[in-house]
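S.K.:
Chains as they are written, first to last, in the numbering used here: chain R, 19 to 344; chain V, 2 to 276; chain L, 4 to 346; chain C, 5 to 667; chain A, 11 to 155.
1. Buried or exposed for residue 272 of chain R, going by 16 or more other Cβ atoms inside 10 Å?
2. Out of L:67, L:97 and L:233, point me to the one whose CA is closest to residue 317 of chain L's CA.
3. Could you name the residues of chain L that residue 20 of chain R contacts, counting a contact when the two beta carbons are closer than 7 Å?
4. Compare the C-beta of residue 644 of chain C against all C-beta atoms of chain B and say whether one is closer than 8 Å.
5. Between which residues of its own chain and residue 323 of chain L is the CB-CB distance below 7 Å, once the five residues before and five after are set aside?
6. From this set, C:341, C:374 and C:564, which residue's C-alpha is nearest residue 3 of chain C's C-alpha?
7. Within the same chain, show all residues whose beta-carbon is closer than 7 Å to that of residue 150 of chain R, passing over the 5 residues directly before and after it, in chain order.
8. Rounded to the nearest angstrom, what separates residue 270 of chain C and residue 415 of chain C at their Cα positions?
9. What are the residues of the stretch 63 to 74 of chain A that lie near chain R, defined by any Cβ-Cβ distance shorter than 8 Å?
10. Does residue 336 of chain R pass the burial test, meaning 16 or more other C-beta atoms within 10 Å, or should it be called exposed?
11. Quick one: Cα of residue 469 of chain C to Cα of residue 481 of chain C, how far?
12. Can you pull out the residues from the stretch 75 to 86 of chain V whose beta carbon lies closer than 8 Å to at least one beta carbon of chain C?
13. Considering Cα atoms alone, identify which of R:98, R:230, R:329 and R:65 is closest to residue 278 of chain L.
14. My understanding is that residue 346 of chain R touches residue 135 of chain R, with C-beta atoms under 8 Å, so please give their C-beta distance in whole angstroms.
15. Find the residues of chain R that neighbour residue 157 of chain A, judging by a C-beta separation of less than 9 Å, and give them in chain order.
16. Is residue 98 of chain V near residue 49 of chain V, with beta carbons less than 8 Å apart?
17. Rounded to the nearest angstrom, what separates residue 132 of chain A and residue 338 of chain C at their Cα positions?
18. Helix or strand or just coil, what does DSSP make of residue 29 of chain A?
19. Given residue 324 of chain R, which residues of its chain have a CB within under 7 Å of its CB, disregarding the five upstream and five downstream residues?
20. Any idea if residue 187 of chain R is buried or exposed, counting beta-carbon neighbours within 10 angstroms, 16 or more meaning buried?
21. Going by beta-carbon coordinates alone, are residue 39 of chain C and residue 7 of chain C separated by less than 8 Å?
22. I'd like to confirm the pairing. Which residues does DSSP put opposite residue 168 of chain L in its beta bridges?
23. Rounding to the nearest angstrom, what Cα-Cα distance links residue 110 of chain C and residue 117 of chain L in this structure?
24. From residue 225 of chain C to residue 104 of chain R, what does the alpha carbon distance come to, in whole angstroms?
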């Protein structure tokens with residue numbers, strides 16, 4: 019895969035189709051790739067990598083590069099879930115589609131080193147993919163782990179392997195995954211009592227250190243200045259000085275991206291405190307699907323999202339008060 | 002009074018003077034009616050209205066003033082707008098003094114001094130000027146070049162006219178940017194005015210004003226033959242916590258609130274270009 | 004001879020210690036661990052690092068500095084501080100122990116930060132030597148020996164228990180106060196364990212990382228190094244690295260209007276945030292490149308320049324593990340060093 | 005930081021009776037930024053307003069808080085007072101301590117505490133107020149009247165009389181409305197047609213009045229002074245400009261079995277018809293539901309007989325779009341359906357009729373040419389029972405909760421006229437109460453009982469049972485005599501409740517005018533602004549606002565006309581400055597706000613920004629048209645960055661109020 | 011939860027200017043009583059109510075927040091309350107999901123003519139919140155009195 023991608027990137031750069039390539043450069047270990055922008059064939063030749071650990075959603079980098087120079091043609095490699103974010107960004111006029119050459123990259127799920135570490139493997143110096151397992155080299159000896167066990171949380175409940183936007187495809191396009199099970203955890207929480215839910219979320223959100231990684235990485239968070247950073251907004255907060263502020267930040271952030279969140283899962287991936295933030299966004303998605311009909315943000319670039327549309331006979335807010343578990 | 006660095010003292014505004022349409026000078030005492038603390042010219046104090054904000058301001062009164070402390074403040078943000086809307090008798094909080102002062106007792110002693118100020122840039126220099134006037138015997142000649150957009154924007158105009166100009170051995174050169182009715186003084190920008198005045202190269206320069214003025218005046222001084230080692234300025238605008246710990250005010254490895262705010266231009270030259 | 008505490012008596016130790024002061028121990032949570040006050044039944048994490056460093060104990064993420072009550076034109080100033088209780092922090096690794104020294108240089112230098120000082124004086128550090136360092140560890144780069152934390156009291160795991168050594172008077176007094184729960188044993192197993200640790204340290208992938216090319220005298224060449232642009236390219240400007248870092252100490256002071264008074268509090272801030280240096284008059288660090296550069300220049304150049312060559316990094320590796328885009332000080336050091344040697 | 009003056013109104017004892025106004029003034033005087041705080045008997049009085057004006061000057065106030073009645077009442081009064089003293093009117097905030105405090109609480113301490121908190125909230129808000137300048141928009145000097153009954157006719161005539169163009173949209177083929185179906189009118193007993201038809205003709209002849217008959221309003225957009233209305237001219241298959249109203253087609257049409265709605269289905273008309281002789285416009289209409297030609301394509305008789313060549317079977321609905329400065333709603337009423345009242349046997353016997361049907365039976369132009377004959381057998385009835393309040397003053401399940409107002413009087417009229425024409429007929433009226441509050445009304449009612457010998461019985465009719473002999477057994481209770489009655493009546497007349505026309509509800513939605521639960525249009529103020537809808541530029545005329553009789557309708561029609569004339573006489577309207585605005589520095593151009601704007605007030609522009617490093621960057625940002633924006637604020641919540649905010653109700657202002665209340 | 015006899019909740023009611031605020035006025039005009047701890051904030055439309063206002067109220071010590079607007083279909087601005095309906099539904103659902111008592115929030119449609127409904131709604135809501143007890147899950151301890 020990596021070699022095909024490199025080849026196409028070099029071709030498109032050389033024939034002038036694009037001026038920049040958004041890809042990945044290698045890290046110190048075999049799992050810590052950093053997104054990178056390449057402008058020459060040489061750089062790509064020597065420094066472009068793509069492997070099972072390139073999980074980050076790079077669609078937002080397209081926006082960032084276009085902000086620097088809106089007319090430079092950019093090549094970007096997008097995984098299926100990235101394409102949804104890309105479409106949503108296009109819909110919100112954050113990306114000029116014409117100036118991007120999208121190569122859709124088929125995806126069967128990305129690995130997450132956190133999962134490997136959580137399995138008790140320490141001192142990782144190298145990871146090799148070997149069919150349905152990974153061979154992990156460590157300072158304490160070699161280990162193996164099943165691919166399925168190393169799969170990123172969000173990939174284990176992948177919603178779609180379909181590339182919703184591309185100019186060409188490398189690998190294979192897939193289908194929307196029916197019964198992905200991505201709402202299972204949400205449903206489990208819903209089934210709890212209010213006290214249990216409160217306990218659960220307090221335990222999670224109290225760890226928040228307000229590093230803003232979730233927000234800054236989020237492809238739906240594209241404000242010029244976040245309300246929480248803007249002293250004029252009246253609700254700015256730098257650190258969660260009270261448990262209320264932890265709740266406030268995450269509720270409002272989830273609300274601001276409600277209907278626009280494509281469920282890419284970056285927020286949870288980047289959280290240094292491992293707070294399952296995607297469960298907040300998924301709650302909104304689940305509610306929207308149940309109350310207003312199935313909606314997937316980033317499916318296309320035209321539809322109005324559920325919070326900017328309505329029907330005359332929408333559910334009344336009282337449905338919340340009337341349903342199960344108080 | 003505590004020696005806590007981050008807990009302020011109480012201050013009371015006992016007098017408010019309107020200098021220009023957007024500059025007011027506030028006299029601050031403790032509620033007991035004494036000067037909050039002693040300082041040296043060029044040092045700053047942190048003023049605050051709780052809930053509105055805390056900001057660093059140059060102390061504009063001279064240390065030789067034993068009765069009170071003064072701050073000339075230009076309206077340019079949330080806190081300063083509040084300060085401008087205050088009535089006499091309002092309490093505020095104050096902490097300080099912060100920063101290294103102008104070296105009035107060391108390097109500047111015995112020197113001929115040239116003060117160059119633009120607009121509100123007079124505020125930090127006023128402290129030095131009055132200190133020098135009150136310790137006249139310790140210094141050589143004093144020349145003040147001061148300019149503003151218009152006559153109405155000249156801060157401390159009355160003091161300049163009635164006190165500084167009346168002093169022997171103090172030369173005051175005023176200028177405004179554009180012609181104005183009732184003004185028969187010099188008209189023009191400070192950098193050019195300084196060049197026209199062609200000051201003696203022996204003078205030590207203390208300069209403060211907007212960045213553009215500083216940039217061009219410094220270039221002008223260089224043209225005239227001044228060395229950067231002869232020119233001082235102050236950068237108190239960059240100070241935040243005042244105690245050298247919050248991590249904001251550094252320019253390279255120098256902290257404005259500990260190593261400054263007063264810098265000589267040759268010192269600034271050694272710092273990375275990030276200010 | 005050394006004092007020894009069998010593993011199964013660790014809880015007894017915590018219980019005894021808790022009679023004298025509050026004991027905090029690392030406890031596992033979702034995919035990580037954090038310090039919690041020990042109470043009977045608390046299970047101590049077996050992990051290497053807490054997700055956040057131990058700096059919170061002295062420099063918490065938010066802390067009230069002063070309160071004001073306003074009425075009419077009058078202001079009342081209230082110091083909100085209550086007496087701090089003594090406490091001990093168990094399981095602090097060598098890197099974090101070193102970080103306290105770095106924080107001390109900032110907060111205890113003139114003018115002394117009394118909030119920090121107060122907490123520091125009431126805190127006792129119980130170090131724990133590392134048995135299984137991670138691939139992200141590079142404390143050795145800064146001359147830290149993971150086997151000898153040099154805390155008030157050091158614990159070395161060996162022989163199904165802990166060998167204990169007090170390094171400070173405060174530590175000695177603490178150990179002595181606990182009386183007879185320790186037994187005296189031959190120190191050989193401890194030394195053996197340390198030696199084993201040091202062997203592992205040598206094998207770590209980052210063991211060859213050096214500070215060559217960095218330091219207080221390298222300002223000019225490093226400030227203008229070409230590498231910053233590429234290094235900072237993918238940075239998303241979050242504060243993860245600064246908030247998990249044991250030595251980052253930038254803060255902001257803010258006022259909060261509670262409706263019946265103003266609370267002035269201090270909270271962590273990050274030089275990586277776009278508004279960190281934003282002032283009414285502009286922002287001297289306009290792009291992420293400058294902000295990114297500031298963080299690493301501070302650790303590798305400015306801090307040593309002002310502190311006798313001591314670097315502002317302890318090689319704990321937390322930022323390596325938590326950066327959303329896997330950019331970190333190691334990559335920075337390697338790239339800049341390469342660039343430097345290429346000149 | 006503002007300099008705020010607080011003014012606490014006693015409102016006589018309305019406020020001061022429950023709220024310790026002195027304590028309120030004193031407490032609010034201690035709030036930061038408040039430089040003066042006083043209480044006064046009536047702040048809205050001239051001297052009260054002068055108090056405010058003087059304080060603005062004396063204390064150099066930058067903000068004013070008036071603690072008084074609802075801002076819906078006097079906000080404008082105080083804003084004007086402030087403006088007169090040189091303070092921007094939008095620096096005034098009202099704390100509603102009457103409707104929302106003194107009137108709903110009894111405990112003085114509690115009410116006083118609440119008044120102080122409401123005052124604090126207003127102070128907190130005014131702290132963040134900014135002077136606003138109202139923009140201006142032009143006024144289109146034409147009015148639209150929806151409904152061509154007596155209300156609409158009178159309104160149109162009065163507006164035209166002032167020299168403004170008026171369009172009337174009437175869904176029936178003719179204007180005239182319900183009044184055309186009436187015989188005589190109470191209490192004067194003059195002939196309805198005699199007084200109505202001249203007005204109808206006047207409408208047709210007035211050059212400034214344009215009648216869209218057989219038309220309906222399809223869509224309304226715009227705002228006060230600038231409405232744009234789509235009118236659907238329904239296909240009548242007759243060219244209005246050619247038809248002379250000769251009536252030949254209506255005589256020759258072979259389709260004779262069409263129930264005649266003008267006579268409430270008591271006789272038949274043809275498929276092509278002119279509702280009645282004095283119809284305006286006097287133009288035939290083909291009823292597409294019955295016309296053989298339109299249904300089967302075979303017939304064409306009318307076309308053949310029409311000498312003017314006016315028949316056009318190919319005609320289709322036509323949409324006309326017209327601009328108006330003001331719109332008057334005069335959609336009128338209908339009697340409710342009485343079939344559901346089984347006890348009155350309306351569906352079971354032809355001789356149980358409604359009052360409007362009775363009206364047609366006594367009308368010379370009616371199905372019986374004015375002879376009172378039983379619908380069942382055409383015989384003269386000798387005993388008539390009138391039943392009042394059928395569906396009025398009921399429980400919501402049974403009917404309308406309100407009094408239909410006109411029934412008492414028209415029933416007295418019917419009873420009286422019956423007795424006058426047919427002295428041999430016995431007339432009984434069953435009533436709950438007889439309500440006669442009107443000029444000469446009670447005298448009229450008394451004449452019915454005293455001079456004409458009508459039997460008024462206070463009581464409820466329990467059941468009407470048709471008997472084999474064709475009579476109707478009316479079982480009732482006489483509440484005064486406390487006895488059960490049985491009357492064998494020949495005819496039973498039901499005074500059915502009246503309700504707003506069904507077309508009113510969708511119309512209200514189009515007009516964004518509010519309605520009450522009974523679908524009557526809500527007035528801007530029940531006493532002080534009874535002919536205006538809360539939606540600017542929408543006025544109310546006649547029974548669409550509530551049950552009323554002809555004189556009342558006509559006077560309201562005139563009042564509505566006066567309001568319209570007042571509006572149209574202006575060349576420009578000041579716009580509400582409390583509209584949305586976008587902070588271009590914050591806006592990221594995501595388009596969500598435009599998606600929710602009901603007025604299309606938001607567009608996007610490419611704007612050049614100078615960045616801090618002096619480079620230039622072009623960004624897409626939202627831009628609000630203040631003349632089109634109505635200030636709902638939907639966009640402000642959609643905007644995640646807070647770039648979109650609302651003047652007068654900004655995020656920070658509302659949060660300041662929240663803070664003050666929760667403090 | 012234990013019911014505190016002394017507890018008088020703080021309740022914030024956001025009322026749209028055209029229907030519910032007028033309805034509240036009407037309830038005053040008709041002298042229909044409801045508890046004084048209900049304080050009304052006038053907003054142009056229910057769609058003006060930002061979730062952050064609701065959270066802010068809880069932060070500052072409100073025990074219940076109710077939003078009143080025109081009946082669906084009657085919005086003075088045609089569509090405002092339809093958006094408000096979706097937003098509040100989702101927000102309430104989220105609060106519930108976080109374990110915050112769902113009955114602390116309510117939306118009620120009250121027309122300008124429904125003075126009686128307004129008073130009845132407020133009486134009912136106050137009773138409901140009183141039974142729930144003070145807001146402890148979404149308050150800011152710094153703001154506690």
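Glycine included, C-beta positions come from ideal geometry on N, C-alpha and C. All values derive from a computational prediction rather than experimental measurement.
M.R.: Quick answer:
1. Answer is buried; the Cβ neighbour count reaches 16.
2. L:97
3. Residues of chain L passing the Cβ test: none, with the nearest at roughly 17 Å.
4. You won't find chain B in this structure, because its protein chains are R, V, L, C and A.
5. Correct list, in chain order: 139, 331 and 333.
6. There is simply no residue 3 of chain C to check, as chain C begins at 5 and stops at 667 in what is shown.
7. The answer, listed in chain order, is 164 and 165.
8. The straight-line gap from Cα to Cα measures roughly 20 Å.
9. 65, 66, 68 and 69
10. With fewer than 16 other Cβ atoms within 10 Å, it is exposed.
11. 15 Å
12. 82, 83 and 86
13. R:230
14. Residue 346 of chain R is absent from the model: chain R starts at 19 and stops at 344.
15. Nothing about residue 157 of chain A can be reported from this structure: the residues present for chain A run from 11 to 155 only.
16. no
17. 36 Å
18. coil
19. 277, 306, 310 and 313
20. Taking all protein chains shown into account, residue 187 of chain R has fewer than 16 neighbouring C-beta atoms within 10 Å of its C-beta and is therefore exposed.
21. yes
22. Answer is L:157.
23. 54 Å
24. 36 Å
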